[in-house]
Amino acid sequence: MDHKQKAVDYFSQNLHCSQSVLAAFAEECGITDEHALKLGSCFGSGMRKGEVCGAVTGALMVLGLLYGQKSAGDTDGRQSSNKVNDLMMNRFKEKCGSYICNDLLGCDISTKEGVQYCRDNKLFTEFCPKMVAAAVEIVEGIILEQRESQ
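Residue numbers (the working numbering): -15 to 134.
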């Protein structure tokens, strides 16, 4: 099963977008699916405040595990993580219009009314999986570029 299908399948099981994206790459990141699900569990719905989309934060966790700074003196890792962070954020915004959950959904997800709006308009079941898939596609592209540049 490919990353995108795995992430969308996780999301369809009522897991957060952040969990779904991170868990889809768990093996490559050297962590278990269980650790990925636990690590990503507090980042869904823009950290429950409608901030940065959970699919994006899950993607950033993947990129951090793959290319992140390993120690205080690891300046190459710092530069690498800054680079992939910027690529992820910029590409997601370009592809989806924003990386802010409330902007993407068109409501304030931190309120009961916002959550109800999302349910009434099937955003969690029809729109959010598209954001999960988009985040995975962007991560895969960044990983491919990083491999080619080494």
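Note that CB positions come from ideal geometry on N, CA and C, so glycine has one too.
As the structure is a computational prediction, the values presented were derived from the model and not from experiment.
- Roughly how many whole angstroms lie between the Cα atoms of N(-2) and C112? 11 Å
- Task: Could you please give me the residues that DSSP links to I84 through a beta bridge?
- Result: V36
- Task: Give the secondary structure of A56 by DSSP, where H, G and I count as helix, E and B as strand, and everything else as coil.
- Result: coil
- Is there contact between the region 100 to 112 and the region 48 to 60, where contact requires at least three CB pairs shorter than 8 Å? no
- Query: Quick one, which of V99, N74, L6, M72 has its alpha-carbon nearest G24's?
  - Reply: L6
- Message: Tell me the DSSP secondary structure of C112 in three-state form.
- Response: helix
- Message: I'd like to know whether the C-beta atoms of C30 and H0 end up nearer to each other than 8 Å.
- Response: According to the sequence provided, residue 30 is Gly. The question's Cys does not apply to it. Not closer than 8 Å, so no.
- V14 versus S94 - alpha carbon distance: Per the sequence shown, the amino acid found at residue 14 is Gly instead of Val. Cα-Cα distance, rounded: 33 Å.
- How many angstroms separate the CA atom of Y101 from the CA atom of C91? 7 Å
- Which same chain residues, not among the five before or five after A10, have their C-beta less than 8 Å away from its C-beta? T16, D17, H19, A20
- Nearest neighbour of A119, chosen from K33, C26, N74, D60 [CA to CA]: N74
- Under the three-state DSSP convention, the category G90 falls into: coil
- Cβ pair G34, C85 closer than 8 Å: yes
- Message: Just checking A117 against the ligand SAM - is the residue's beta carbon closer than 7 Å to any of the ligand's heavy atoms?
- Response: The ligand content of the structure shown is nil, which means the ligand SAM is not present either.
- Between the beta-carbon of G52 and the beta-carbon of S2, is there less than 8 Å? no
- Message: Would E78 pass as an interface residue toward chain B - the criterion being a Cβ-Cβ separation below 8 Å?
- Response: The chain inventory of the structure shown lacks chain B, comprising one protein chain alone.
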